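Only one structure is covered here, and it is reproduced in the block below.
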Amino acid sequence: MNGSTEQPTDRQTEQLSATTLLRFATAGSVDDGKSTLVGRLLHDSKSVLADQLEAVEHASRSRGQEAPDLALLTDGLRAEREQGITIDVAYRYFATPRRRFILADTPGHVQYTRNMVTGASTAELTVILVDARNGVVEQTRRHAAIAALLRVPHVVLAVNKMDLVDYREPVFAAIAEEFTAYASELGVPEITAIPISALAGDNVVDASAHMDWYGGPTVLEHLETVPVSHDLATCHARLPVQYVIRPQTADHPDYRGYAGQIAAGTFRVGESVTVLPSGRTSRIAGIDLLGEPVDVAWTPQSVTLLLEDDIDVSRGDLVVPSADAPATTQDVEATVCHVADTPLAVGARVLLKHTTRTVKAIVKEIPSRLTLDDLSQHPAPGQLVANDIGRVRVRTAEPLALDSYADSRRTGSFLLIDPADGTTLAAGMAGESFAAAEAAPAGDDEGWDF
Numbered sequence: 002m003n004g005s006t007e008q009p010t011d012r013q014t015e016q017l018s019a020t021t022l023l024r025f026a027t028a029g030s031v032d033d034g035k036s037t038l039v040g041r042l043l044h045d046s047k048s049v050l051a052d053q054l055e056a057v058e059h060a061s062r063s064r065g066q067e068a069p070d071l072a073l074l075t076d077g078l079r080a081e082r083e084q085g086i087t088i089d090v091a092y093r094y095f096a097t098p099r100r101r102f103i104l105a106d107t108p109g110h111v112q113y114t115r116n117m118v119t120g121a122s123t124a125e126l127t128v129i130l131v132d133a134r135n136g137v138v139e140q141t142r143r144h145a146a147i148a149a150l151l152r153v154p155h156v157v158l159a160v161n162k163m164d165l166v167d168y169r170e171p172v173f174a175a176i177a178e179e180f181t182a183y184a185s186e187l188g189v190p191e192i193t194a195i196p197i198s199a200l201a202g203d204n205v206v207d208a209s210a211h212m213d214w215y216g217g218p219t220v221l222e223h224l225e226t227v228p229v230s231h232d233l234a235t236c237h238a239r240l241p242v243q244y245v246i247r248p249q250t251a252d253h254p255d256y257r258g259y260a261g262q263i264a265a266g267t268f269r270v271g272e273s274v275t276v277l278p279s280g281r282t283s284r285i286a287g288i289d290l291l292g293e294p295v296d297v298a299w300t301p302q303s304v305t306l307l308l309e310d311d312i313d314v315s316r317g318d319l320v321v322p323s324a325d326a327p328a329t330t331q332d333v334e335a336t337v338c339h340v341a342d343t344p345l346a347v348g349a350r351v352l353l354k355h356t357t358r359t360v361k362a363i364v365k366e367i368p369s370r371l372t373l374d375d376l377s378q379h380p381a382p383g384q385l386v387a388n389d390i391g392r393v394r395v396r397t398a399e400p401l402a403l404d405s406y407a408d409s410r411r412t413g414s415f416l417l418i419d420p421a422d423g424t425t426l427a428a429g430m431a432g433e434s435f436a437a438a439e440a441a442p443a444g445d446d447e448g449w450d451f
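Position 202 of the sequence shown, counted from 1, bears residue number 203 in this note's numbering, the numbering being contiguous throughout.
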């Protein structure tokens, strides 16, 4: 049955763009209480199965703890439980009557900062924890910088362990003001500060009885109500081709379809499209969705496009509207987060993976490395080591159609890969490093948001 050619209704957009789903990540320095916060969220929102809670209670008793250690709900690796730290990114799925959530609990140790890039790369919100006793530390600034680089639209500053500073408002206010000033300079568009005690449960799911001076939402209330925008009308439509379908059966002797997940925007039957990097053009003759023809499809649907003309299209090509085609280039300038133990040096030969396309490349220049203390650029460092953030210029063997990361997180990002063993070296974001600070809305007089 053919679908309508009209623009999707608001209700359809809400359902099919998964606006009721929030992807968020937690980050913070060591022992700031990330895993305890996540455990408290799961426990107090009734998202923990009875057998899971029983296992946590048993593990806690075996360690001599009277109360259940809720951090064990997310610290699943044996090494994590033994050391009391988070090492790998722990994903959790839970839901409330108001919204569904995919949560990425990321490590706090400096050597695992690269794991935050993985956890926050698809997040629409990042919760950055700060220990109320220690305030904003270097790792806090590092996580704020990564959130800004990844263009995460919403950042929550959770000032944890307020019970250990007697729930004093001035302590919270000073930390919130310092963090907001730093994050605003990076161009973070929205910052919400919430005073909490993850261990005691204050302002996590239920409002705190100890901080009557705070009138804002709890962490869960904010997660349930923060707007998640998927504006289909303004996206640059992009379809990375993942597979060419040619059944060559008696029923479909001439069928040739180009399958993939729509990375952004909307495609319609009859629309003129261009295939990049070749630049060949055609029109969409049909769109198959779940085995049925439709007239319109949009992100994040997985579809098969049929074109009017028999042109050469293969895996790694990018189908775009002819009126909105990005320029192709072999010279890529971007910001990268280096995630491998092996340094990335000028002259390194790498593979560059962009959507479904992988090409050979060489690192021509590393113009600068970011210093997180004062956001200054250290010029010409020569190489980047694990957890460094820096600018690179890469020359590719074949043209690529990259968008600016500011325009599209899907088609503006890429990976640099070691061709010898397939190790991921760096995660890259094409275009400018940070959003303009002046684009961030001004906060209130205190510099923090209730």
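C-beta: ideal position from N, C-alpha, C; glycine also.
Values in this document were obtained by computation on a predicted structure and should not be read as measured data.
Worksheet item: So is D33 buried or exposed if we call it buried at 16+ other beta carbons inside 10 Å?
Response: Here residue 33 refers to the residue found at position 32 of the sequence shown. Buried.
Worksheet item: Could you give the distance in angstroms between the alpha-carbon of R79 and the alpha-carbon of M117?
Response: Here residue 79 is taken as the residue at index 78 of the sequence shown, counted from 1. Here residue 117 is taken as the residue at index 116 of the sequence shown, counted from 1. Here the model assigns R79 a pLDDT of 37, short of 50, so the residue's position is not dependable, and the following value carries that caveat. One C-alpha to the other measures close to 20 Å.
Fill in: Candidates V160, S283, G280 and V304, of which the one nearest L291 by Cα
In the sequence shown, residue 291 corresponds to position 290, counting from 1. With distances taken between Cα atoms, L291 lies closest to V304.
Worksheet item: Starting from H44 and walking both ways along the alpha helix (DSSP H), at which residues does that stretch end?
Response: As a position in the sequence shown, residue 44 is number 43, starting the count at 1. Residues K35 to D45.
Fill in: Three CB pairs or more closer than 8 Å across the segment 147-167 and the segment 186-197
yes
Worksheet item: S283 to T359, Cα distance in whole Å?
Response: Translated into positions along the sequence shown, residue 283 becomes position 282. Translated into positions along the sequence shown, residue 359 becomes position 358. In a straight line, the C-alpha of S283 is about 24 Å away from that of T359.
Fill in: Nearest neighbour of P368, chosen from D318, S198 and G391 [CA to CA]
On the sequence shown, position 367 is the one that residue 368 refers to. Comparing Cα positions, the closest option is G391.
Worksheet item: Can P345 and A146 be called in contact, C-beta distance under 8 Å?
Response: Here residue 345 corresponds to residue number 344 of the sequence shown, with the count starting at 1. Here residue 146 corresponds to residue number 145 of the sequence shown, with the count starting at 1. Per the sequence presented here, residue 345 reads as Leu, with Pro not at that position. No; because the gap between Cβ atoms is not below 8 Å, this pair is not in contact.
Item to complete: Taking 8 Å as the threshold, find out whether the segment 322-337 comes into contact with the segment 397-410 through three or more Cβ pairs.
Response: yes
Item to complete: Taking 8 Å as the threshold, find out whether the segment 256-275 comes into contact with the segment 302-320 through three or more Cβ pairs.
Response: yes
Fill in: Burial state of N204 (16 or more Cβ within 10 Å)
The residue given as residue 204 occupies position 203 in the sequence shown. Under this definition N204 is a buried residue.
Worksheet item: Are three or more beta carbon pairs between the segment 207-225 and the segment 251-268 nearer than 8 Å?
Response: no
Worksheet item: What are the boundary residues of the beta strand (DSSP E) that F415 is part of?
Response: If you number the sequence shown from 1, residue 415 lands on position 414. Element bounds for F415: S414 to I418.
Discussion item. Among the candidates W299, G266, P228 and D310, whose CA atom is the shortest distance from the CA of D255?
Written reply: The count along the sequence shown starts at 1 and reaches residue 255 at position 254. Out of W299, G266, P228 and D310, D310 has the C-alpha closest to the C-alpha of D255.
Worksheet item: DSSP state of D11, grouped into three classes?
Response: Residue numbering aside, residue 11 sits at position 10 when the sequence shown is read from its first letter. For D11, the pLDDT reaches just 46, beneath the cut-off of 50, and the residue's location in the model is therefore unreliable, leaving the point undetermined.
Item to complete: Can you check DSSP and say which residues form a bridge with D332?
Response: Locating residue 332 in the sequence shown gives position 331, where the first residue counts as 1. Paired residues: R396.
Practice prompt. My understanding is that A124 touches A265, with C-beta atoms under 8 Å, so please give their C-beta distance in whole angstroms.
Written response: If you number the sequence shown from 1, residue 124 lands on position 123. If you number the sequence shown from 1, residue 265 lands on position 264. Their Cβ separation, rounded to whole angstroms, is 17 Å, which puts A124 and A265 out of contact at 8 Å.
Item to complete: Helix, strand or coil for Q302, going by three-state DSSP, please let me know.
Response: Position 301 of the sequence shown, counting from 1, holds the residue named residue 302. Reduced to three states, the DSSP call for Q302 is coil.
Discussion item. Residues in the same chain with beta-carbon distance under 6 Å from V395, minus the five sequence neighbours each way, listed in chain order, please.
Written reply: For this step, residue 395 is matched to residue 394 along the sequence shown. V333, A362 and V364, listed in sequence order.
Worksheet entry | Top-ranked residue by Cα proximity to P294, from R269, L200 and L224 | Here the question's residue 294 lines up with position 293 in the sequence shown. If we check each option's Cα against that of P294, R269 comes out closest.
Practice prompt. Classify H355 as helix, strand or coil using the three-state DSSP reduction.
Written response: Numbered from its first residue, the sequence shown carries residue 355 at position 354. Here H355 sits in strand by DSSP.
Worksheet item: Could you give the uninterrupted runs of the beta strand (DSSP E) lying entirely in the segment 183-249, keeping only those of 3 residues or more?
Response: 192-196 and 244-246
Discussion item. I need the boundaries of the beta strand (DSSP E) containing R269, first residue and last residue.
Written reply: Along the sequence shown, read from residue 1 onward, the residue named residue 269 stands at position 268. It spans T267 to R269 - the beta strand (DSSP E) in which R269 sits, taken as one unbroken run.
Worksheet item: Looking at the structure shown, is I312 part of a helix, part of a strand, or coil, going by DSSP?
Response: For this step, residue 312 is matched to residue 311 along the sequence shown. It is coil, neither helix nor strand.
Item to complete: Please confirm whether Y168 and R142 have their CB atoms less than 8 Å apart.
Response: Position 167 of the sequence shown, counted from the first residue, corresponds to residue 168. Position 141 of the sequence shown, counted from the first residue, corresponds to residue 142. No, the Cβ-Cβ distance between Y168 and R142 is not below 8 Å.
Worksheet entry | Supposed close pair D342, A381 - CB separation, criterion 8 Å | The residue given as residue 342 occupies position 341 in the sequence shown. The residue given as residue 381 occupies position 380 in the sequence shown. Rounded, the Cβ-Cβ distance is 22 Å, inconsistent with contact.
Fill in: Check whether G429 and L416 have beta carbons under 8 Å apart
Within the sequence shown, residue 429 is the residue found at index 428, counting from 1. Within the sequence shown, residue 416 is the residue found at index 415, counting from 1. In this structure, L416 lies closer than 8 Å to G429 by Cβ.
Worksheet item: Measuring CA to CA, which of E186, E170 and H44 is closest to S377?
Response: By 1-based counting over the sequence shown, the position of residue 377 is 376. Of the listed residues, the one whose Cα sits closest to S377 is E186.
Fill in: Sequence-distant residues of its chain with Cβ nearer than 6 Å to P420 (five each side left out)
Taking the first residue of the sequence shown as position 1, residue 420 is located at position 419. Within the same chain, P420 has close Cβ partners L352.
Item to complete: Taking A298 and I288 to be in contact with their CB atoms under 8 Å, please state how far apart those CB atoms are, rounded to whole angstroms.
Response: For the purposes of this step, residue 298 is identified with residue 297 of the sequence shown, where counting begins at 1. For the purposes of this step, residue 288 is identified with residue 287 of the sequence shown, where counting begins at 1. Confirmed, Cβ separation roughly 5 Å.
Discussion item. Tell me which residue opens and which closes the alpha helix (DSSP H) that I147 is part of.
Written reply: As a first step, residue 147 is located in the sequence shown; it is residue number 146 there, counting from the start. E139 to L150 is the extent of the alpha helix (DSSP H) around I147.
Practice prompt. Note down, in chain order, each residue of its chain lying with its Cβ closer than 6 Å to the Cβ of H307, except the 5 sequence neighbours on either side.
Written response: In the sequence shown, counting from the first residue as 1, residue 307 sits at position 306. First, the residue type needs correcting, since residue 307 is Leu and not His in the sequence shown. Once the five neighbours on either side are set aside, the close Cβ partners of L307 are G258, A286 and G287.
Worksheet item: The beta strand (DSSP E) spanning V31 covers which residue range?
Response: Residue mapping note: residue 31 aligns to position 30 of the sequence shown, counting from 1. Run containing V31: none; DSSP gives neither H nor E here.
Worksheet item: Can you name the residues that DSSP bridges to P322?
Response: Working through the sequence shown from its first residue, we reach residue 322 at position 321. Its beta-bridge partners are V274.
Item to complete: Report the option in A427, V137 and R93 whose CA atom is closest to the CA atom of V393.
Response: Working through the sequence shown from its first residue, we reach residue 393 at position 392. Among A427, V137 and R93, the Cα nearest to that of V393 is on A427.
Worksheet item: With Q243 and G271 assumed to form a contact (beta carbons below 8 Å), what rounded beta-carbon distance in angstroms separates them?
Response: Mapped onto the sequence shown, residue 243 falls at position 242. Mapped onto the sequence shown, residue 271 falls at position 270. The pair is not a contact, with the Cβ atoms about 23 Å apart (cut-off 8 Å).
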